[in-house]
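The next block holds one structure in the form of structure tokens; read it before the comments.
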Amino acid sequence: MTAGRPLGDYLRARRELIRPEEAGLPAGNGRRRVAGLRRSEVAMLAGISTEYYVKLEQGREIHPTDQVLEALSRALQLDATARSYLASLVHLPHVETGPKRELAHIRWLIDGWPLTAAVVHDRYNDIVASNALMRAIVPAYREGANSLAALLLDPEVRALYGDEWDGLTARSVALLRANSGPQPYLVRTQQLIAQLTRESPRFREVWPRNDVHGAGDGVHHLAHPRVGALSLRFARFPVLGPGEHSIFVYYAEPGTPTADALAVLAREG
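The working numbering puts the sequence shown at residues 103 to 371.
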């Protein structure tokens with residue numbers, strides 16, 4: 103993103119990902135000079151003037167109405183998460199500048215879950231706490247590390263996720279953008295983006311797409327070097343109160359081979 107122009111950058115990135123035929127427009131003959139849709143085509147689909155749309159992309163207009171945002175969301179085929187993200191780029195929230203919240207009580211909580219792995223992230227995927235079982239499953243997910251950097255840069259983490267790595271990295275990068283969208287130019291955001299742009303080819307591939315993703319729940323299939331195949335359910339729980347932290351938990355259905363494997367990891371450490 104260009105400093106000071108998050109809305110325009112996002113509109114342009116999404117426009118470039120849509121082929122004319124996907125929007126119900128003729129592809130035309132010959133080679134198009136732009137990737138995806140033209141500005142005039144997005145404006146037509148949204149029912150606004152091309153001049154006004156150009157101002158939005160160039161950052162000369164930064165306060166479109168909710169009706170315009172809804173029309174742009176339809177034109178750019180945004181899902182619910184992406185629509186919310188687009189709105190957040192216009193309705194910027196107040197930025198808290200106070201001291202970091204003390205999370206000792208959260209550490210006590212997750213340390214009391216011997217058979218449930220847990221890690222606490224802030225909005226940048228920096229790990230502020232993890233319990234023993236989490237570190238036994240993914241040693242790189244330790245306090246002070248960044249889980250997205252570990253996922254993208256650590257070969258042991260990549261091997262652990264196997265065939266899921268491509269999809270997981272795409273969703274994780276999209277989650278970073280969703281979390282940082284309202285305040286994309288905070289120092290920590292820029293530090294992380296700069297590091298991953300420099301060190302990770304996968305990040306350089308995915309980040310420019312401007313995808314956004316909301317964390318939910320599901321199942322990870324891992325290949326653990328000590329206990330073999332794991333089918334771990336996962337879920338995210340936001341931590342209420344000041345700050346923007348979430349607890350990610352990983353657990354197994356009782357009586358399954360994965361539950362037995364977690365018991366071995368918990369016992370052996």
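From the three backbone atoms N, C-alpha and C, an ideal C-beta is built for every residue, glycine too.
Check                                                                                                                                                                            : Outcome
Considering only DSSP beta bridges, list what L332 is partnered with.                                                                                                            : L324
Please report the straight-line C-alpha distance between L178 and E355, rounded to a whole angstrom.                                                                             : 40 angstroms
For L235 versus P216, is the C-beta distance shorter than 8 angstroms?                                                                                                           : yes
Kindly confirm or deny that the stretch 295–309 and the stretch 270–278 touch, where touching means at least three C-beta pairs closer than 8 angstroms.                         : yes
Buried or exposed: H165, going by 16 or more other Cβ atoms within 10 Å of its Cβ?                                                                                               : exposed
Give the DSSP-derived three-state secondary structure of I349 in the structure shown.                                                                                            : strand
Mapping DSSP to helix, strand and coil, what is H207?                                                                                                                            : helix
Once the 5 residues before and after I150 are set aside, which same chain residues still bring their CB inside 7 angstroms of it?                                                : V170 and A173
Along the chain, where does the alpha helix (DSSP H) that runs through V221 open and close?                                                                                      : From DSSP, V221 is part of no alpha helix (DSSP H) but of the beta strand (DSSP E) over A219 to H223.
Could you say if the stretch 260–268 and the stretch 295–302 meet the contact criterion of at least three C-beta pairs nearer than 8 angstroms?                                  : no
Do S249 and V221 have their beta-carbon atoms positioned less than 8 angstroms apart in this structure?                                                                          : yes
Within the same chain, show all residues whose beta-carbon is closer than 6 angstroms to that of L364, passing over the 5 residues directly before and after it, in chain order. : L217 and A354
Buried or exposed: which applies to G138, given that a residue is buried once 16 or more other Cβ atoms fall within 10 Å of its Cβ?                                              : buried
Which whole runs of the alpha helix (DSSP H) in the stretch 121–178 are 4 residues long or more, in chain order?                                                                 : 141–148, 152–160 and 168–177
What are the start and end residues of the alpha helix (DSSP H) that includes S302?                                                                                              : Segment: none, S302 is in no alpha helix (DSSP H) and carries neither H nor E.
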